[in-house]
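If you read the sequence shown in this note's numbering, its first letter stands for residue 24, the second for the next number, and so on.
From the three backbone atoms N, C-alpha and C, an ideal C-beta is built for every residue, glycine too.
Model, not experiment: these values are computed from the prediction.
Down below is the structure, laid out as structure tokens.
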Amino acid sequence: MLVIIKDAAVQLFKSSYKSDEDLARAERLLESGQPQYGSSPENDCAQSAVMEEVSNVVNKSDSNSNDEEKLKVFGTFDPRVMSDIIIGLSDGLTVPFALTAGLSSLGLSKLVITGGMAELVSGAISMGLGGYLAAKSEIDYYQNEVKKEKLQFFRNPELINQDAAEIMFELGASEQTIALFLKDLDQTPKNLIDFVIRFGKGLEEPPAGREITSALTIGSGYFVGGFVPLLPYFFCDVVKTGLLISVVVMIITLFIFGFVKTSVSLGEDCGTQRKVLEGLQMVVIGSVAAGAAWTLVYLIE
């Protein structure tokens with residue numbers, strides 16, 4: 024039994040070592056810019072193989088239809104950063120608001136402020152860590168996919184040519200255009216891999232420090248959004264007065280947030296009616312959460 028386990032471990036180690044060795048050789052090949060094996064443009068056999076692959080892709084995909092997608096650009100902002108801001112603010116404007124509204128039923132401003140600040144700090148840290156882990160997973164997944172494509176290019180370059188041909192056909196390119204395109208890409212293997220990663224798998228290389236940016240953006244967005252409903256209690260000795268002001272401020276803030284969020288994410292094509300509805304939706308969500316928290320604390324008391 025021990026011998027079997029030992030043999031299996033040795034085989035696993037050899038397989039892992041071979042993959043790492045192949046990956047290193049593939050990266051050296053990509054850096055040198057030399058075409059792999061028979062994929063050289065000067066090789067007639069390779070060109071015939073490429074043309075055959077293109078023809079197979081066209082024949083196989085005749086029955087497929089493509090849905091057009093409209094790209095929405097968040098102005099000059101990085102869409103990922105804008106998404107993090109929306110996540111942080113949306114949670115910050117609802118959860119702490121509901122908590123402070125619930126604590127206000129106890130009748131002590133100091134208790135509302137203390138509990139609200141404790142929730143803000145812990146919530147911002149928790150949200151920031153969640154954003155960090157999510158961004159880190161995105162980076163790890165991208166790097167793993169790049170590694171897979173490099174190994175595939177090194178071991179079987181014809182397959183990655185076929186993948187590129189399929190992508191081009193789905194974009195509506197003709198057989199001749201695809202063949203010329205692959206011929207040019209074969210001269211720069213790194214661009215070939217980048218093309219398959221970006222347009223075949225739909226992956227963009229995350230910017231450097233993406234995980235830190237995401238953590239700070241989501242965490243700070245949560246803290247800023249959650250501090251808004253807590254602010255009136257600092258200036259009101261009477262809890263009911265602070266609650267009333269907080270509710271009014273939050274109704275306005277939630278509506279503005281929903282309106283602006285829709286305007287930024289959907290752009291000019293979004294009508295005013297849709298923006299107003301999204302603003303009202305945010306008000307309803309925040310009101311329901313706050314009302315439920317206030318009622319629960321009141322009943323427990």
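Alpha-carbon spacing of residue i relative to residue j, whole angstroms
i: L325; j: I274; result: In the structure displayed, the chain extends from 24 to 324; residue 325 sits before or after that span and is not available.
i: A157; j: T236; result: 12 Å
i: L205; j: Q185; result: 9 Å
i: E168; j: Q199; result: 29 Å
i: K213; j: F222; result: 14 Å
i: L322; j: I308; result: 21 Å
i: G139; j: A188; result: 57 Å
i: T276; j: Y165; result: 37 Å
i: W317; j: P230; result: 43 Å
i: Q59; j: F218; result: Because the pLDDT of Q59 is 48, which lies under 50, any placement of that residue in the model is unreliable, and the question is left without a value.
i: R297; j: D114; result: 21 Å
Which listed residue (the options) has its alpha carbon closest to that of residue i
i: I162; options: E234, L134, F257; result: E234
i: G248; options: V104, E228, I109, D186; result: I109
i: F250; options: G302, D107, L112; result: L112
i: P102; options: Y321, M140, K284; result: K284
i: F258; options: L126, T117, V135, S106; result: V135
i: V271; options: P255, D260, S286; result: P255
i: V299; options: F278, S243, L208; result: F278
i: M191; options: K263, E181, L203; result: L203
i: S127; options: G302, F282, S269; result: S269
Buried versus exposed, by CB contacts within 10 Å (16 or more), residue i
i: T295; result: exposed
i: A238; result: buried
i: V311; result: exposed
i: F280; result: buried
i: E228; result: exposed
i: Y155; result: buried
i: A315; result: exposed
i: L215; result: buried
i: I201; result: buried
i: A141; result: exposed
i: L194; result: exposed
i: K325; result: Here the chain comprises residues numbered 24 to 324, so residue 325 is not present and cannot be evaluated.
i: L319; result: exposed
Unbroken alpha helix (DSSP H) run spanning residue i, endpoints
i: S113; result: 102-127
i: F177; result: 132-178
i: V283; result: 262-289
i: S237; result: 233-253
i: T211; result: No alpha helix (DSSP H) holds T211; DSSP gives it neither H nor E.
Pair within 8 Å by beta-carbon distance, residue i and residue j
i: G146; j: P119; result: yes
Chain C contact for residue i (CB, 8 Å cutoff)
i: G223; result: You won't find chain C in this structure, because it holds only one protein chain.
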